[in-house]
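**Q** Quick one: structure below, then a few questions.
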Amino acid sequence: QQARSGDAYVFLPFTERLDKNNQVESWSNFAALNTQYMNWGVGLELNQLNGYSGQRSNLIRDFPGKTRRFPDARSIVTLQTIPNLRFILAQGAKIPDFDAADFESRIAQYSKELSLLEKDQASNYLLEFHPMQQVTPSTSVWMPSYPSGVAHLELMSPKLTDKDQHTVQIYLGEMVIATAEIPTNETWNIYSFKLPITSDQVRPLRIAFRHATSEQVFLRKRRFEPLS
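Take a look at the structure:
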């Protein structure tokens, strides 16, 4: 499958061991596994989600637990918060109690979001990710805070009322950073806006959405483009 500039990928699982609270049980295992993933990615001209710097942010703490049963509804929703994510590489050998038949049946269950590109006899799976979700108050996308860049969001609204378009406000915290006027004609359109520059260049920017509850809006592609 031909990769595009800016595409991202992730290796799963993030760790082999989680505690009863779905948190990382062994940070040494987490660090070793993600370092191995980073080494495997050397030479690929793609962005990688895996990594470990020693800083245990909320994202690093939460993602391993939220994606532990991939593919399931929770893991799909979690991965949809990552812009540019296109490829998922799952290692069956690193997944506790892995069952290939069950794993592949769940891939088929989520065929709208996942396409199986390749698998091998060692239960390594290469999947293409096709995120698409209805926009709700809990929908969010994590955009990089550095470097400065532009967000591209692909939105669509069906014709459910007599309105010709719906208004979606895009928030960073409590600040409106963009407004999208979406035609109610079931046509996908890309809306682009420059992300605000913040003093914190480490933590990502959490983009959220608000629109009238009587309306339906769907989000498909979500991309980040750095400004040169």
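Using our numbering, you'd call the opening residue of the sequence shown number 16 and step up by one each time.
The C-beta atom is built at its ideal place from N, Cα and C for all residues, glycine as well.
1. Quick one: what's got a C-beta closer than 8 Å to residue 84's C-beta in the same chain, skipping five residues either side?
2. On a Cα-Cα basis, can you pick out the residue from 232, 111 and 59 that is closest to residue 79?
3. Mind checking residue 229: buried by the 16 CB within 10 Å criterion, or exposed?
4. Which residue or residues does DSSP assign as beta-bridge partners of residue 130?
5. Note the first and the last residue of the continuous beta strand (DSSP E) segment covering residue 169.
6. Beta-carbon separation of residue 97 and residue 59 under 8 Å?
7. Just tell me which of 81, 53, 201 and 125 has its CA closest to the CA of residue 36.
8. Are the Cβ atoms of residue 94 and residue 144 separated by less than 8 Å?
9. Quick test of the definition: if touching needs 3 or more C-beta pairs under 8 Å, does the stretch 171-181 touch the stretch 130-143?
10. Which residues does DSSP list as the beta-bridge partners of residue 233?
11. Just checking, does the stretch 121-138 make contact with the stretch 204-220 on the three C-beta pairs under 8 Å criterion?
12. Under 7 Å Cβ to Cβ from residue 56, same chain only, skipping five residues before and after it: list those, please.
13. Got a sec? Which residues, its chain only, sit under 6 Å from residue 161 by beta carbon, not counting five neighbours each side?
14. Check residue 79 in the structure and name its three-state DSSP category.
15. Classify residue 188: buried if its beta carbon has 16 or more other beta carbons within 10 angstroms, exposed otherwise.
16. Which of helix, strand or coil does DSSP assign to residue 206?
17. To the nearest angstrom, how far is the alpha carbon of residue 127 from that of residue 71?
18. Candidates 52, 225, 165 and 38: which alpha carbon is nearest residue 75's?
**A** This is what the structure holds:
1. Here residue 84 is taken as the residue at index 69 of the sequence shown, counted from 1. So the qualifying residues of the chain are 90.
2. The sequence position of residue 79 within the sequence shown is 64, counting from 1. The option with the nearest alpha carbon to residue 79 is 111.
3. Indexing the sequence shown from 1 puts residue 229 at position 214. Under this definition residue 229 is an exposed residue.
4. Looking up residue 130 in the sequence shown gives position 115. According to DSSP, which records beta bridges pairwise, residue 130 is partnered with 143.
5. Here residue 169 is taken as the residue at index 154 of the sequence shown, counted from 1. Residue 169 -> beta strand (DSSP E) spans 164-171.
6. Along the sequence shown, one-based indexing puts residue 97 at 82. Along the sequence shown, one-based indexing puts residue 59 at 44. Result no, Cβ atoms of residue 97 and residue 59 do not sit closer than 8 Å.
7. Counted from its first residue, the sequence shown places residue 36 at position 21. Of 81, 53, 201 and 125, the residue nearest in Cα terms is 81.
8. For this step, residue 94 is matched to residue 79 along the sequence shown. For this step, residue 144 is matched to residue 129 along the sequence shown. In this structure, residue 144 lies closer than 8 Å to residue 94 by Cβ.
9. no
10. The residue labelled residue 233 in the question sits at position 218 within the sequence shown. 149 and 171.
11. no
12. Counted from its first residue, the sequence shown places residue 56 at position 41. Taken in chain order, the residues that qualify are 63.
13. Taking the first residue of the sequence shown as position 1, residue 161 is located at position 146. Excluding sequence neighbours, residue 161 sits near 216.
14. Here the question's residue 79 lines up with position 64 in the sequence shown. Of the three classes helix, strand and coil, the one that applies to residue 79 here is helix, per DSSP.
15. To locate residue 188, count along the sequence shown from 1; it is residue 173. Exposed, since its Cβ has fewer than 16 Cβ neighbours within 10 Å.
16. As a working note, residue 206 is residue 191 in the sequence shown. Here residue 206 sits in strand by DSSP.
17. Numbered from 1 along the sequence shown, position 112 holds the residue referred to as residue 127. Numbered from 1 along the sequence shown, position 56 holds the residue referred to as residue 71. Approximately 33 Å between the Cα atoms of the pair.
18. The residue given as residue 75 occupies position 60 in the sequence shown. Among 52, 225, 165 and 38, the Cα nearest to that of residue 75 is on 38.
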